[in-house]
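**Q** Residue numbers (this note's numbering): 15 to 326.
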């Protein structure tokens, strides 16, 4: 397997600061990661330049990107540029989009996740169309995000809406959200039912309520790593019902993805959202080496199982 990290913006021979720990863990396991120029890919829109320091492989290798989020179009460009160098990323662009954009996977996780509605933004904001979309929520609270991210650390001003029927508040929160997202908006707006999850603590900087949430990593339908989502708070003896979520993982249309899950006040568990495993962060408390050891063990097992049977 060829691991590919985002390079330091000032030195393409070194990993981006935020990925140094993962880079060192991969090296300690006997692998030599490659680097891509993230700025060339995103700012210059030049995928060939971005992969210029990635060695051309004599035979095709499976690749795993660990880096910053990309739009599906940017990911497609990276996928194609690496393929030309003999590296085929674990997830193709369709699989990446399937887990990266909530609306793409919603039909699969709908029975297990908060009710969600969305609209794509192509021009002027139509607040009446939004209120019509929110009708089924009644007076219940909702949260706002785009197809990928929320402004959860601006909880009260750009994320949480106490009453879905309150047009004034909806309009204020939506406008503030769009103002903060600026050109980073992903496709459109997603409104989700606010669910009372088991409280953990409040974020020390933003004051956002933190809940009993976990991040599950899956490779080829198999759970490879579980981590507490938040570094703050006391999780006590809480553990997610793994079997329940492993069943859902079988129908997710991606080889490598994350599933964030949280415990409700009534004791039941829900899926918060899915994410592409290559751009999903590892919490600070995660055992990075153990994560990569598990990933490699499952990948090697998958490679062996896919080999043709030998004549005896």
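Built from N, CA and C at the ideal position, the CB exists for glycine as well. Bear in mind that the values here come from a model prediction, so they are computed numbers and not experimental data.
Taking all protein chains shown into account, decide if residue 112 is buried (16 or more other Cβ within 10 angstroms of its Cβ) or exposed.
**A** For the purposes of this step, residue 112 is taken as residue 98 along the chain shown, with counting starting at 1. Under this definition residue 112 is a buried residue.
**Q** With three or more C-beta pairs closer than 8 Å as the rule, is the region 59 to 68 touching the region 37 to 51?
**A** Yes, they touch.
**Q** With respect to the beta strand (DSSP E) encompassing residue 290, which residues constitute its N-terminal and C-terminal limits?
**A** Taking the chain shown and counting its residues from 1, the one referred to as residue 290 is at position 276. Start and end: 283 to 290.
**Q** Which runs of the beta strand (DSSP E) spanning at least 3 residues fall entirely within the region 214 to 294, listed in chain order?
**A** Segments of the beta strand (DSSP E) lying fully in the region 214 to 294: 223 to 225, 227 to 233, 236 to 242, 270 to 277, 283 to 290.
**Q** DSSP state of residue 123, grouped into three classes?
**A** The count along the chain shown starts at 1 and reaches residue 123 at position 109. It is helical.
**Q** So what does DSSP say about residue 190, is it helix, strand or coil?
**A** Within the chain shown, residue 190 is the residue found at index 176, counting from 1. Residue 190: helix per DSSP, three-state reduction.
**Q** In the DSSP output, what is residue 164 paired with across the bridge?
**A** Position 150 of the chain shown holds residue 164. DSSP output for residue 164 lists 159 as bridge partner(s).
**Q** Here's a check: name, in chain order, each residue in its chain whose Cβ is nearer than 7 Å to the Cβ of residue 213, leaving out the five neighbours to either side.
**A** Against the chain shown, residue 213 aligns to sequence position 199. For residue 213, where only same-chain residues beyond five positions count, the Cβ hits under 7 Å are 223, 225.
**Q** In chain order, what residues of the same chain lie with their CB nearer than 6 Å to the CB of residue 28, ignoring the 5 residues before and after it?
**A** Within the chain shown, the letter at position 14 stands for residue 28. For residue 28, where only same-chain residues beyond five positions count, the Cβ hits under 6 Å are 22.
**Q** Among 85, 191, 18, whose alpha-carbon lies nearest the alpha-carbon of residue 114?
**A** Taking the first residue of the chain shown as position 1, residue 114 is located at position 100. When each option's Cα is compared against that of residue 114, the closest is 85.
**Q** Run the CB neighbour count on residue 313, radius 10 Å, all protein chains shown included, and call it buried at 16 or more, exposed below.
**A** The residue labelled residue 313 in the question sits at position 299 within the chain shown. Looking at its Cβ environment, which holds 16 or more other Cβ atoms inside 10 Å, residue 313 is buried.
**Q** Tell me which same chain residues have a C-beta within less than 8 Å of the C-beta of residue 92, skipping the five on either side of it?
**A** Counting from 1 along the chain shown, the entry for residue 92 is found at position 78. Cβ within range, chain order: 50, 55, 61, 64, 65, 79, 84, 103.
**Q** Which first and last residues belong to the alpha helix (DSSP H) in which residue 56 is found?
**A** Stepping through the chain shown from its first residue, residue 56 is reached at position 42. Taken as a continuous stretch (DSSP letters only), the alpha helix (DSSP H) holding residue 56 covers 52 to 56.
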